[in-house]
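Working notes, structure below.
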Amino acid sequence: MPRFIPVFLMVLYALAAAAGCRREAPNPSRNDILTSDTLLGAMTAALLSPEEAHVSSILPPAQCPGHYDVKLSDIGRVRAAALVISMRGLPFMEKVEAERGKLLVMDDGGRNWMVPEEHIRGLGLLGEELARRFPGERARIERRRLAYEGEVAAQSSVLREELDRAGTAGVPVIASSMQAPILRWMGFEVAAEYGRPESISARDIVRLSRIAAERRIRMVVDNLQSGPDAGRLIAEGAGAPHVVLSNFPSEEGYLATLRANVRAVVAALGAGR
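Per my numbering, residue -19 is the first one in the sequence shown, and the count goes up by one each step.
Structure follows, in structure tokens:
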């Protein structure tokens, strides 16, 4: 047998193996959708069925958007995704450099989409944008939107009854500004707000402590993502419960997080009596 034949066969085997590797290499799925955070992720997953889209998020639920450091793996996920959905104004999203053609930017208009009514409003805005991107799925998106809105409305009604029984109406609290909207929805009166821990000065602590004493506040509520201990000193000085709520859905979803937030304040209110 001529010597060149084994060499020729080896080349053929190498080419075949390379072709096989190319076929088996994971390609970006057409239905891979990446969101900036778990709030948009939960809403997108509610509007699109698992068969239509695989939805994941960049920002872990307990992380602060303003402090999150983008990883190389995040950039890779953005490049591989068929669609990237981001909330406007998130600093870390500017670093991932998503292609304009596959980037959908949502604007919350300064509203907190963790509040049930605002969540439903945001769902409608997102649903319309997704229907434009996937016109063939418009009818199914609308059906899923209506079903999910009904679920949110029903669950929020149950939770409001629980809050009413607990007597939250008009109860004065001091809170992180990021939790103030949901606390007002729960019926509390937000006597004073504060920002991120790094922006709170000694003068702010004195002012908030004075308000806590004058208004006889019943609890101090921190935001998990921006700083779970920001208001602890104020709570201790006032002898009031210190509560930490989440401003983004946990891995269990939006409704589970809303329930957990409500039950945390109800428990604290009962303990502080």
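Even glycine gets a Cβ: it sits at the ideal position worked out from N, Cα and C.
Collapsing the DSSP output to three states places PRO152 in a strand. Note that the C-beta distance between ALA182 and MET199 is not below 7 Å. Closest in alpha carbon position to GLN159, among GLU109, GLU97 and VAL201, is VAL201. In the three-state DSSP reduction, ASN203 falls in the strand class (E or B). Around the beta carbon of LEU126, a 10 Å sphere encloses fewer than 16 other beta carbons of the protein chains shown; the residue is thus reported as exposed.
With distances taken between CA atoms, SER16 lies nearest to MET67 out of MET67, GLN43 and LEU28. Residue environment analysis places ARG124 among the buried positions, since at least 16 neighbouring C-beta atoms fall within 10 angstroms of its C-beta. Taking a cut-off of 8 Å on C-beta distances, the segment 86 to 99 does not touch the segment 32 to 42, as fewer than three cross pairs fall below it. Nearest Cα to TYR128 within the set SER29, ALA247 and SER156: SER29. In this structure, the beta-carbon distance from LEU103 to MET23 falls below 7 Å. With fewer than 16 other CB atoms across the displayed protein chains lying within 10 angstroms of its CB, PRO71 is exposed. Here ILE191 is near ALA172, since their CB atoms are less than 7 Å apart. Residue pairing from DSSP places HIS34 in a beta bridge opposite ASP12. By the neighbour-count definition (other C-beta atoms within 10 Å, threshold 16), SER53 is an exposed residue.
The closest CA to that of LEU188, considering only MET166, GLU142, GLY211 and ASN241, is found on GLY211. The beta carbon of GLY21 lies closer than 6 Å to those of THR15, VAL35 and SER37 in the same chain, with the five residues before and after it left out.
In the structure shown, ILE65 falls within a strand segment according to DSSP collapsed to helix, strand and coil. For TYR174, the CB contacts under 7 Å within the same chain, skipping 5 residues up- and downstream, are SER156, SER157, ILE180, ASP184, LEU188, ALA210 and GLY211 in chain order. Considering only ALA149, ARG112 and VAL153, the residue with the shortest C-alpha distance to GLY167 is ALA149. In the three-state DSSP reduction, VAL223 falls in the strand class (E or B). Residue burial annotation: VAL223 is buried, with at least 16 other C-beta atoms found within 10 angstroms of its C-beta. When the five nearest sequence neighbours on each side are left out, the beta carbons in the same chain lying within less than 8 Å of the beta carbon of ILE100 are those of GLU129, VAL132 and ALA133, in order along the chain.
Annotation for TYR48: no beta strand (DSSP E) segment contains it, and DSSP assigns it neither H nor E.
Straight-line spacing of the CA atoms in ARG120 and ALA25 works out to 13 Å. For GLU129, the enclosing alpha helix (DSSP H) has its first and last residue at 118 to 146. In this structure, DSSP gives LEU84 an extended state, which the three-state scheme calls strand.
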